[in-house]
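Letter 159 of the sequence shown, counting from 1, is numbered 1161 in the working numbering, and no numbers are missing.
Don't be surprised by glycine CBs; every beta carbon is placed ideally from N, CA and C.
A short write-up of the structure that comes next.
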Amino acid sequence: MNRSAYVGLGLLMCMTSLPVFARATPITLHTASSESFPAYIDGREDARKGILLVHDWFGVSPFYTAAAERLAKDGYRVVAVDLYGGRSATTHEEAGKLLGSLRNDLAQREIDAALEWLSDNKRTIAVMGFSMGAKHALAAALRDHAVRATVLWYGETINDAEQLKHLAGPVLSIVGSRDGTSAAENSAAFSKAADAAGLGAEVFIYPGADHAFAQPLFNQGRTFDPVAADVAWRLSENFLERRLR
1003 MNRSAYVGLG LLMCMTSLPV FARATPITLH TASSESFPAY IDGREDARKG
1053 ILLVHDWFGV SPFYTAAAER LAKDGYRVVA VDLYGGRSAT THEEAGKLLG
1103 SLRNDLAQRE IDAALEWLSD NKRTIAVMGF SMGAKHALAA ALRDHAVRAT
1153 VLWYGETIND AEQLKHLAGP VLSIVGSRDG TSAAENSAAF SKAADAAGLG
1203 AEVFIYPGAD HAFAQPLFNQ GRTFDPVAAD VAWRLSENFL ERRLR
């Protein structure tokens, strides 16, 4: 199947699929301040390893649901937060409005509550964020020493060694070489800061890939790269398997 066929298939899935999980269970969680928010759980309840997912700026999309279900099939207990309170987007305009309405303080409380819920049964925990969600995932890992590994797909990093010293485990950062003019420079700065912090972060720059290369909704599918997405998944699954032992 050639690239154009892959893109067409990805767009067809987005247009014909509602952003609803096929297997996961919707639940309502509560922050420490008693604020309710939606999330989805998947995977074995008795799993000894758990992963918290944070979505990109589109919210709960077919890509996000597939990510949760893939990790659940890998044997993890998965909690996928919905920071938009049940709303989602299919266009950049809609996503921009949702992102503009997002309260970072509330998002922090929701993610912390989801992490606390996931940490039940003394699971070994990782966080994984995509684009917008990568920033929130990394911030959560900095706040919570129960997080043993962090996976960031094409998201913001922190390139300060003193801050990164607060992480309790390593980080995998995956970006595309065309993700802005400074993708390579930022990745190098993050890697250097992580080394100085003693983290030994793993950084991968996929050649020729754009921002959000795994999300068919981004740029109406023009920059969707299924090969890069497959590589990113293989890297992420290998990283999580090694780092959550």
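query                                                                                                                                                           : result
Measure the Cβ-Cβ separation of alanine 1116 and arginine 1079 and say whether it is below 7 Å.                                                                 : no
Closest by CA to serine 1121, which one among Asp1084, Val1233, Gly1052, Arg1105?                                                                               : Gly1052
Using 8 Å as the Cβ pair cut-off and three pairs as the minimum, do the segment 1092-1102 and the segment 1057-1070 touch?                                      : yes
What residues in its chain sit with their C-beta under 8 Å from that of glycine 1012, if we drop five residues either side in the sequence?                     : Reliability fails at glycine 1012, whose pLDDT of 43 lies under 50, so the model's placement of it is uncertain and the value that follows must be treated cautiously. If we look at glycine 1012 and ignore the five residues flanking it on each side, its Cβ neighbours are Pro1218, Gly1223, Phe1226, Pro1228.
How would you write the range of the beta strand (DSSP E) that threonine 1152 sits in, first residue to last?                                                   : 1149-1155
Considering only their Cβ atoms, is the gap separating serine 1189 from valine 1173 smaller than 7 Å?                                                           : no
Taking only runs of the beta strand (DSSP E) that begin and end inside the segment 1032-1082, which ones reach a length of at least 3 residues, in chain order? : 1038-1044, 1051-1056
Considering only the alpha carbon of each residue, which of Val1081, Ser1179, Pro1064 lies closest to threonine 1092?                                           : Pro1064
So, with DSSP's three-state summary, where would you put isoleucine 1113?                                                                                       : helix
So what does DSSP say about leucine 1104, is it helix, strand or coil?                                                                                          : coil
For a test of the three-state rule: what should DSSP assign to glutamate 1204, helix, strand or coil?                                                           : strand
Measuring straight from C-alpha to C-alpha, what distance separates arginine 1145 and threonine 1183?                                                           : 30 Å
Measure the C-alpha to C-alpha separation of phenylalanine 1192 and isoleucine 1160 and round it to an integer number of angstroms.                             : 7 Å
Chain C beta carbons: is any one of them nearer than 7 Å to that of glycine 1202?                                                                               : Structure shown: chain C not included; a single protein chain is present.
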